[in-house]
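Heads up: take any position in the sequence shown, counting from 1, add 1256, and you land on this note's numbering. Heads up, the thing below is written out as structure tokens.
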Amino acid sequence: MKYHIITFGCQMNRSDSQRISTYLEENGYEEAPKEEADLVVINACSIRRSATNRIHGKINRINSREIKPTTILTGCVLKKDKIKFRHLFDHVLRIEDLTKWPLFEAKGKNYFKVTPKLEGISAFVPIMTGCNNFCTYCVVPYTRGKEVSRPAEDIIKEAEQAVTSGHKELWLLGQNVNSYKGEMSFADLLRKINQIKGDFWIRFVSSHPKDFSDDLIKAMTECRKVVKSLNLPVQSGDNEILQKMNRPYTREDYKGLVMKIKKAMPEIELSTDVIVGFPGEKERHFHNTVELFREIQFDMAYISCYSSRPQTAAYAMKETVSDKEKKRRERVLTEILKEITLEKNKKYIGKDVRVLALKINKNGKIQGKTAKNKTVIFEGPKKITGTFVKIKINQVSPWTLKGKILSK
Ligand code: SF4
């Protein structure tokens, strides 16, 4: 039997797909291109409306094949979307029930006990799943349920396996990664993983500002392998909108936290997530986000236009911002970000940076990342992917650095 997995969404879904692969292979399946597969799994995401449209497109194409494979829908999917898709798939199954899926005889172990089929250079290691925060725009508490932290021992073992098998970058994942509640705090978990022997980087996403403790800042400063690059979603720069989003901090709290982090790690590079066009967001509210952008000088930002999702509290709120206006606000922030990042990137010209070579891009060049998550493009032999190289930067744009290899 041959299988193919189509994955949408974040790193957590990619990591879940690696567990699905292992479990299918342990049960006699073999990976194949989707045209040859007897089983197609769509590991989906309901977070944005556009994501559910993509599921429709994929499954309709699969179902129109002459010999139709068995199809499974799983992942971060809202109940309402599951009902909507039920007639298009043979099975709609919870990822948490992976080991009990009707395809398998062997039933039992917790899906987190399934060793992921680690591929590539970066390894994704989930440390917790679910979320208790109920931000009013977000489906995660409904699709993933309440927070569950994995035992620290399992996480450390999986991290060790990833390093031993040659992975150079570990991504510790959780919808609310820094609210990890295992036998030790998240800060101590970082300290433990930092002790694993080997040359690798440790990254973690997504952090909630309210759970960013002083001890976590201290652990980041102490742990050499923890990169000095941090994604800290602010979502809005306006206190009224933050309250409507059920984000339990103010812009002042956020700025205070950023100052504390920058004081401890002046070299830190910060990115953020922002939603524009939340119900009730007037020009004056948006202006506060613009101001915050200018004040904090983020190194990167993931800006999205609000899209209402069923089941969430914001679904019942009246949408007051047109799609055109959301796009305009997105463009305004993107332009500010471009100005800031270009200025910041100019400081890299003439500098030597350590880069993890990740892949060959569509132009045949090597694409890598610095520890601070800057994309670097350079020429070099394919065989250096998966290794750290030293690059002299000679050209920059708002989103990338370009340079020449100095040494391995
Ligand atoms: S903290 Fe993150 S995952 Fe949890 S509800 Fe808010 S946005 Fe969603």
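Even glycine gets a Cβ: it sits at the ideal position worked out from N, Cα and C.
Boundaries of the beta strand (DSSP E) in which Asp1529 is found, first to last residue: Start and end: 1525 to 1532.
Between the CA atoms of Arg1503 and Gln1553 - distance to the nearest angstrom: Between Gln1553 and Arg1503, the C-alpha separation is close to 21 Å.
Three-pair Cβ contact test at 8 Å for the stretch 1398 to 1414 versus the stretch 1581 to 1596: Touching, no, given that fewer than three Cβ pairs across the two stretches are closer than 8 Å.
Check whether Met1501 and Gln1491 have beta carbons under 7 Å apart: The Cβ atoms of Met1501 and Gln1491 sit closer than 7 Å to each other.
Residue of Tyr1510, Ile1647, Ile1452 minimising C-alpha distance to Ala1418: Nearest to Ala1418 by alpha-carbon distance, out of Tyr1510, Ile1647, Ile1452, is Ile1452.
Backbone CA spacing between Val1442 and Phe1460 [nearest angstrom]: For the sequence presented, residue 1442 should be read as Phe rather than Val. Approximately 10 Å between the Cα atoms of the pair.
Rounded separation between Phe1345 and Ile1328 - CA only: If I take the Cα positions, the gap works out to 6 Å.
For Gln1567 and Thr1308, the rounded distance between their alpha carbons: Cα to Cα, the separation comes out at about 15 Å.
Rounded straight-line distance, which links the Cα of Glu1352 to that of Thr1371: Those two C-alpha atoms are separated by around 14 Å.
beta-carbon Gln1431 near the ligand SF4 non-hydrogen atom, thresh 6 Å: In this structure, the C-beta of Gln1431 approaches the ligand SF4 to less than 6 Å from one of its heavy atoms.
Contiguous beta strand (DSSP E) assignments of at least 3 residues, all confined to the stretch 1312 to 1367: Restricting attention to beta strand (DSSP E) runs no shorter than 3 residues, the stretch 1312 to 1367 encloses them at 1326 to 1332, ordered along the chain.
Val1396: CB within 6 Å of a non-hydrogen atom of the ligand SF4: For Val1396, the Cβ falls inside the 6 Å cut-off from some heavy atom of the ligand SF4.
Inter-residue spacing [alpha-carbon to alpha-carbon] between Asp1579 and His1347: Just so you know, the alpha carbons of Asp1579 and His1347 end up roughly 35 Å apart.
Residue range of the alpha helix (DSSP H) that includes Arg1584: Its alpha helix (DSSP H) spans residues 1579 to 1602.
C-alpha distance - Ala1288 paired with Glu1523, whole-angstrom precision: Here the alpha carbons of Glu1523 and Ala1288 stand approximately 44 Å from one another.
Distance between Arg1406 and Lys1516 (C-alpha atoms, nearest Å): Each residue's alpha carbon lies about 29 Å from the other.
Chain-order list of residues whose beta-carbon lies under 6 Å from that of Ala1569 (same chain, five-residue window excluded): Cβ within range, chain order: Thr1392.
Residue nearest to Leu1687 in terms of C-alpha spacing, selected from Asp1455, Thr1330, His1423, Lys1474: This structure does not reach residue 1687, given that the chain is present from 1257 up to 1664, and the question cannot be answered.
Start-to-end residues for the beta strand (DSSP E) that takes in Gln1623: Per DSSP, the unbroken beta strand (DSSP E) holding Gln1623 starts and ends at 1622 to 1626.
Residue interval of the beta strand (DSSP E) (run including Phe1460): Where Phe1460 is concerned, the enclosing beta strand (DSSP E) stretches over 1457 to 1461.
Cβ-heavy atom distance, Asn1389 to the ligand SF4, below 6 Å: The ligand SF4 has a heavy atom closer than 6 Å to the beta-carbon of Asn1389.
Beta-bridge partners of Phe1634, as assigned by DSSP: DSSP output for Phe1634 lists Ile1622, Gly1659 as bridge partner(s).
First through last residue of the beta strand (DSSP E) which encompasses Thr1263: Here the beta strand (DSSP E) through Thr1263 covers 1258 to 1263.
Short Cβ contact (7 Å threshold) for Gln1623 with Leu1612: The Cβ atoms of Gln1623 and Leu1612 lie no closer than 7 Å to each other.
Those residues which DSSP pairs with Thr1385 across a bridge: According to DSSP, which records beta bridges pairwise, Thr1385 is partnered with Val1404.
Contact set for Lys1628: own chain, Cβ-Cβ below 6 Å, skip 5 residues either direction: Once the five neighbours on either side are set aside, the close Cβ partners of Lys1628 are Ser1485, Glu1525.
beta-carbon His1541 near the ligand SF4 non-hydrogen atom, thresh 6 Å: In this structure, His1541 has its beta carbon at no less than 6 Å from each heavy atom of the ligand SF4.
Check whether Ala1293 and Lys1258 have beta carbons under 7 Å apart: Yes, they are a contact pair.
Three CB pairs or more closer than 8 Å across the stretch 1303 to 1317 and the stretch 1261 to 1277: Segments in contact, yes.
Cα-Cα separation between Asn1601 and Ser1469, rounded to whole angstroms: Asn1601 and Ser1469 have their C-alpha atoms some 30 Å from each other.
Residues of its chain near Thr1576, where Cβ-Cβ distance is below 6 Å and the 5 sequence neighbours each way are ignored: Correct list, in chain order: Pro1535, Gly1536.
For Met1232, three-class secondary structure by DSSP: Residue 1232 lies beyond the range of the chain shown here (1257 to 1664); nothing can be said about it.
Minimum C-alpha distance to Arg1480 - residue among Lys1466, Thr1641, Met1521: Nearest C-alpha to Arg1480: Met1521.
Residues bridged to Phe1549 (per DSSP): Phe1549 pairs with nothing; no bridge assigned.
Near the ligand SF4: His1464 beta-carbon under 6 Å from a heavy atom: True, at least one ligand heavy atom lies under 6 Å from that Cβ.
Supposed close pair Leu1426, Phe1456 - CB separation, criterion 8 Å: Leu1426 to Phe1456, Cβ: 6 Å. Contact.
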